[in-house]
Each structure stands twice: as C-alpha cells, then as structure tokens.
Amino acid sequence: MIDAGVFDGTHAAMMVNPGTSDVSTARTLSTLDILVEFAGKHSHARAAPSEGINASDALTITQVAIALLRQQLKPTDQVHGIVSNGGEAPNIIPRKTSTHSYLRAADFESLQVLQERVQRCFEAAALATGCMLSSTSLSPAYMEMLNN
1 MIDAGVFDGT HAAMMVNPGT SDVSTARTLS TLDILVEFAG KHSHARAAPS EGINASDALT
61 ITQVAIALLR QQLKPTDQVH GIVSNGGEAP NIIPRKTSTH SYLRAADFES LQVLQERVQR
121 CFEAAALATG CMLSSTSLSP AYMEMLNN
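Residue numbering for the sequence shown is 1 to 148, as defined by UniProt numbering.
Given below as structure tokens:
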C-alpha cells in the first residue's frame, strides 16, 4: 500500500487489532513471510522407491532442523510454519513439497540474522536429500513497529 502511494499525504495512522485484553502499546515484531519449495523426483513408493528423490524428506528435515535451532534463538525470535504442499498421494514419493513460514524478531537486524540461520536449515535439507530448493519472499520484510 505504501508503494502504491495509498498513504501519500498522510500525517498519522492508527492500527487496531482485536484481542482478548486491552493493550495500549502492543509490541509488533519485524516480520518476513516466505514460501519454500523443495523439488525432487516422484516415484512409486512400493514399486520403485529407490528411483525417487523424496521432497517430503526435505520438508521433514527442515522441520527437525528448525525445531533444534529454536533452543539457540533469542527469546524474541519466532519461526512459524505450515506444510502448504505435502505431496499428491501416500503411495507416491513426492516430487514437490512446500512450506509457508513467518519469521519474526524484535528488530530488523535480528530478523536478518534469523533469516540466515533458518535459510541454512532449508539448504541443509535440500543438500541431504538431493532436492532443489526455491525460496521466495511473499512480501517485503517488515521492520518492527515502534509505538509513539
């Protein structure tokens, strides 16, 4: 909206977000919205499993690597993710999987450090499985919002 000029000439803006309690100065973290896709090679899971490159394995390794990384993150760092594509059928080794994730940190500099660390989890999973990796930012990285 900023890039489209929606706020040109605006001198003040207010954000309202409903919640379960009254908060006058909510803390808004710096945020990045990313989609990661793993591409492998499909194969029949019983008839020819050794001929596949399992993109689901890459997704599993990613989830485990991020879970292990969490113990070393700052208390204000957050990684939220879902499996947005897990494959086509249980008896087919998936050739493509994807995860949609939010990365959040107290400030923009910390977000950049968090992004590098999480990106290495994605890269390690691709390397371990032989999958190709594609990572796309779904929106610009947003800086933390400072209350005034």
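Ideal Cβ placement from N, Cα and C applies to all residues, glycine included.
Just the Cα atoms here: how many angstroms apart are residue i and residue j?
i	j	result
D57	M143	33 Å
E37	S98	4 Å
T20	E51	52 Å
H100	G9	35 Å
H44	L35	27 Å
S24	N17	11 Å
Q115	A125	15 Å
N147	T136	30 Å
M15	R104	19 Å
L133	D22	43 Å
A128	L68	16 Å
F7	M1	7 Å
E88	T60	16 Å
D33	G40	24 Å
H42	A4	42 Å
Measuring alpha carbon to alpha carbon, tell me which of the options ends up nearest residue i.
i	options	result
G86	N54, Q119, S110	N54
residue 149	I93, A106, C121, A12	No statement about residue 149 is possible, as the shown extent of the chain runs from 1 to 148 and does not include it.
Q78	I2, K96, A13, T31	T31
Y102	R46, Q112, Q72	Q112
G130	P94, M1, E88, F7	P94
A47	K74, I92, E123, M14	I92
Q72	T60, R117, G81, P49	R117
G81	F7, R70, A4	R70
S110	M145, K74, I2, Q119	K74
F108	F122, T76, C121, A12	T76
Quick one: grab the DSSP three-state call for residue i.
i	result
S139	coil
G133	Inspection of the sequence shows that residue 133 is occupied by Leu rather than by Gly. Looking at L133 - three-state DSSP - the assignment turns out to be strand.
A128	helix
Check: Which full runs of the alpha helix (DSSP H) of 4+ residues lie inside the segment 15-102, going along the chain?
Finding: 55-69
Margin query: For the segment 131-141 against the segment 64-74, do three or more pairs of beta-carbon atoms, one drawn from each stretch, fall closer than 8 Å, so that the two count as touching?
Written below: no
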